[in-house]
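All remarks here apply to the structure that follows.
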Amino acid sequence: MFEARVAQAEILKKILDSVRELVEQGNLDCSGTGISLQAMDSSHVSLVALLLKSEGFERYRCDRSINLGINMQSLGKIVKTAGNHDAITLSSEDKGDVLGLMFESTEQDKVSNYEIKLMDVDAEQLAIPVAEYSVCVRMPSAEFARITRDLSTIGDSVLISCTKDGVQFSTTGDTGSGSIVLRQSSSVDDEKKAVVIEVQEPISLSFATKFLVQFSKSAALNESVTLNLGDGVPLMVEYPMKEMGYVRFYLAPKLSN
Amino acid sequence: PANQIALITFYQGQ
Chain A
576 MFEARVAQAE ILKKILDSVR ELVEQGNLDC SGTGISLQAM DSSHVSLVAL
626 LLKSEGFERY RCDRSINLGI NMQSLGKIVK TAGNHDAITL SSEDKGDVLG
676 LMFESTEQDK VSNYEIKLMD VDAEQLAIPV AEYSVCVRMP SAEFARITRD
726 LSTIGDSVLI SCTKDGVQFS TTGDTGSGSI VLRQSSSVDD EKKAVVIEVQ
776 EPISLSFATK FLVQFSKSAA LNESVTLNLG DGVPLMVEYP MKEMGYVRFY
826 LAPKLSN
Chain B
298 PANQIALITF YQGQ
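Taken in sequence, the protein lines are chains A and B.
Here the first sequence stands for residues 576 to 832, where the numbers follow the numbering used here.
Here the second sequence stands for residues 298 to 311, where the numbers follow the numbering used here.
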């Protein structure tokens, strides 16, 4: 028996919004420690890694580990029908073929029940080693969203160059070029608005703009985002979710000919 | 022009 209850549907809506455009279907791996999902986009260039820790749920029970193969679009559409403040309980029998969803309004005067058919998802699991990154940039997630959106009007690739002086996002396209530099915040009252740049080694890497735009749509998950860059490893973009866990995106770089 | 590398190049399958 698997059962997980979140106090407010809002967080689940935000999580599904952040991954469902990138990932069509995936396996929710449910175990005693929580729910995780690892899924690549259809072009096998980027990967979403989601972790929802058991302690982040209001109630959590998972007697034996199970994989729930889910169409993320279908799940997203159903969860969207819940009120933001509704409690949501996810459930599945050990050998069941559906994922049950129960929404309860705060006043307990409305209860909605849905079932989603489970599917066999043949997803390749990748072993992602803990990487040592040369650069870690923490910045406001809204700023990251704005930069990627602005540069996407010009070019297909964004070059991210980072030194101790700042991080530069630049692009070139048929119509011209553009670049945006962010400097480390000298003093900021609100830490969430700060730009913090940690550099072991300066680095420059190119990435496909469209994926950066997709990742940046997760801004609702956290006011801050971290970009982790290393030589010879994919970019890792992380949106932490307080006690709940995280959504991480991995993106393979582009290499010049 | 830049070549997009596949993610599998970096991470082995389990």
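Note that beta-carbon positions come from the ideal geometry of N, C-alpha and C, so glycine has one too.
Everything numeric in this text was worked out from a predicted model, so none of it was measured.
Note on the stretch 710 to 774 of chain A: whole beta strand (DSSP E) runs with a minimum of 3 residues are 710 to 715, 732 to 738, 741 to 748, 751 to 757, 771 to 774, in chain order. With contacts defined as CB atoms closer than 8 Å, A:R721 and A:S799 fail to qualify as a contacting pair. In the structure shown, A:E776 adopts coil according to DSSP, grouped into three states. Among the bridge pairs identified by DSSP, B:Q301 is matched with A:K829. Ranked by Cα distance from A:G631, the options A:S611, A:A698, A:D616 are led by A:S611. About 15 Å separates the Cβ atoms of A:V654 and A:V822, ruling out a contact at the 8 Å cut-off. In this structure, A:L674 sits away from A:L627, with a CB-CB distance that is not shorter than 8 Å. The stretch 615 to 687 of chain A is shown to contain whole beta strand (DSSP E) runs of 3 or more residues at 621 to 628, 634 to 637, 641 to 646, 662 to 667, 673 to 679, in chain order. A residue is called buried once 16 or more other Cβ atoms fall within 10 Å of its Cβ, and A:T681, having fewer, is exposed.
Rounded to the nearest angstrom, the Cβ distance from A:F577 to A:S687 is 19 Å, too far for a contact under 8 Å. Contact of A:S621 with chain B is assigned, a C-beta pair being separated by under 8 Å. Cβ proximity to chain B below 8 Å picks out S781, A783 from the stretch 773 to 797 of chain A.
The Cβ of A:L701 sits closer than 8 Å to at least one Cβ of chain B.
Under the 10 Å beta carbon count, A:V620 is surrounded by 16 or more other beta carbons and is classified as buried. Considering only beta carbons, the part of the stretch 698 to 728 of chain A lying closer than 7 Å to chain B consists of E699, Q700, L701, A702, I703, in chain order.
Pairing A:S781 with A:K829 gives a Cβ-Cβ distance under 8 Å. Its Cα nearest to that of A:G651, the residue A:L676 stands out among A:L676, A:I641, A:K670. Looking only at A:E596, A:S618, A:S640, the smallest Cα-Cα distance to A:S606 is reached by A:S640.
Look at A:V808: its C-beta is under 8 Å from a C-beta on chain B.
No residue range can be given for A:E699, since it is assigned to no alpha helix (DSSP H) and is classified by DSSP as neither H nor E.
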